[in-house]
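Here's the structure, in structure tokens; my notes come after.
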Amino acid sequence: MNAPLNVDAAEVAKFSELAHRWWDLESEFKPLHQINPLRLAWIQESVPLKGKRVVDVGCGGGILSDAMARCGADVLGIDMSGKALGVAQLHALEAQTAGVTYREVNAEALADDMPGQFDVVTCMEMLEHVPNPASVVRACAKLVKPGGWVFFSTINRHPKAFMLAIVGAEYVLGMLPKGTHEFAKFIKPSELASYCRESGLDVQGMHGMAHNPLTGRYWLNADTGVNYMVGTRRQPG
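Under the numbering used here, the residues of the sequence shown are numbered 29 to 265, in order.
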């Protein structure tokens, strides 16, 4: 028997319903557009993307995928929402973005098909939406070449994250639709670091991300209590 897909159908449906709004800068996806320059710059500090082969796991409508392609990378964006991928493909055509393609497949299946084929793997704001995040981390480690980079971002299972990412962002400020996140699915930095080590990925750095809701400004800092990013490298050999 085939193993069940590591996919939450309700999560896919949730984001599929919003797919047409991915590139609306005033939509529910506005925060992703606002933090994208930070994410991109952080990745580029570790590994210049020009000429690199990259897979963006859980790419959604392609916000990060598109930006990495514009930096000169050869990007494959993967997601389980066909509607979101359709929006990503349409945007790439309209924006004339070269070097980016999209495919409806999960990380585990792609890792079986294309092990060790990528210089860089990104998996942003996705681990908290799947039943088994450790499985995705293992797949990302399998996808990257020895010595290559894997980048993750997610949300800490911390009381501060409950207040800011759920109560504040979803119910008070209305930055995200209610029900976007489930606190029980948030991942502690220690847990993610453990998944990485078990998958042969060495943690190279970790940053928190702060936000001022009055000014709309985002910045990186050392506080991983809410949103945080982790940079890792696959062990050589």
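Using N, Cα and C, we set each Cβ at its ideal position, and we do this for glycine too.
Beta-carbon gap between residue i and residue j smaller than 9 Å
{"i": "Val158", "j": "Val83", "result": "no"}
{"i": "Gly88", "j": "Ser109", "result": "yes"}
{"i": "Leu113", "j": "Pro143", "result": "no"}
{"i": "Ser218", "j": "Asn34", "result": "no"}
{"i": "Tyr130", "j": "Ser93", "result": "yes"}
Residue i burial status per 10 Å Cβ neighbour count (16 or more: buried)
{"i": "Pro187", "result": "exposed"}
{"i": "Asn255", "result": "buried"}
{"i": "Gly244", "result": "exposed"}
{"i": "Arg262", "result": "buried"}
{"i": "Ala116", "result": "buried"}
{"i": "Leu77", "result": "buried"}
{"i": "Glu226", "result": "exposed"}
{"i": "Asn184", "result": "buried"}
{"i": "Pro161", "result": "buried"}
{"i": "Ala37", "result": "exposed"}
As assigned by DSSP and simplified to three states, the class of residue i
{"i": "Asp52", "result": "coil"}
{"i": "Lys42", "result": "helix"}
{"i": "Val149", "result": "strand"}
{"i": "Glu210", "result": "coil"}
{"i": "Val172", "result": "strand"}
{"i": "Ile215", "result": "coil"}
{"i": "Leu155", "result": "helix"}
{"i": "Leu92", "result": "helix"}
{"i": "Asp36", "result": "coil"}
Bridge-paired residues (DSSP) for residue i
{"i": "Thr260", "result": "Val178 and Val231"}
{"i": "Ala238", "result": "Trp247"}
{"i": "Arg81", "result": "Asp102"}
{"i": "Asp2", "result": "As displayed, the chain neither begins before 29 nor continues past 265, which places residue 2 out of reach and without an answer."}
{"i": "Asn255", "result": "Ile183 and Met237"}
Residue span of the alpha helix (DSSP H) that contains residue i, given as start and end
{"i": "Ala63", "result": "The residue you asked about is not Ala; residue 63 is Ile in the sequence shown. Where Ile63 is concerned, the enclosing alpha helix (DSSP H) stretches over Lys58 to Ser74."}
{"i": "Lys111", "result": "Gly110 to Ala123"}
Residue i: first and last residue of the uninterrupted beta strand (DSSP E) it sits in
{"i": "Glu132", "result": "Val128 to Glu132"}
Residue i CB to nearest heavy atom of the ligand PLP below 8 Å
{"i": "Met154", "result": "The ligand PLP is not part of this structure, which contains no ligands at all."}
Min CB distance residue i to chain B below 9 Å
{"i": "Cys224", "result": "In the structure shown, chain B cannot be found, because there is only a single protein chain."}
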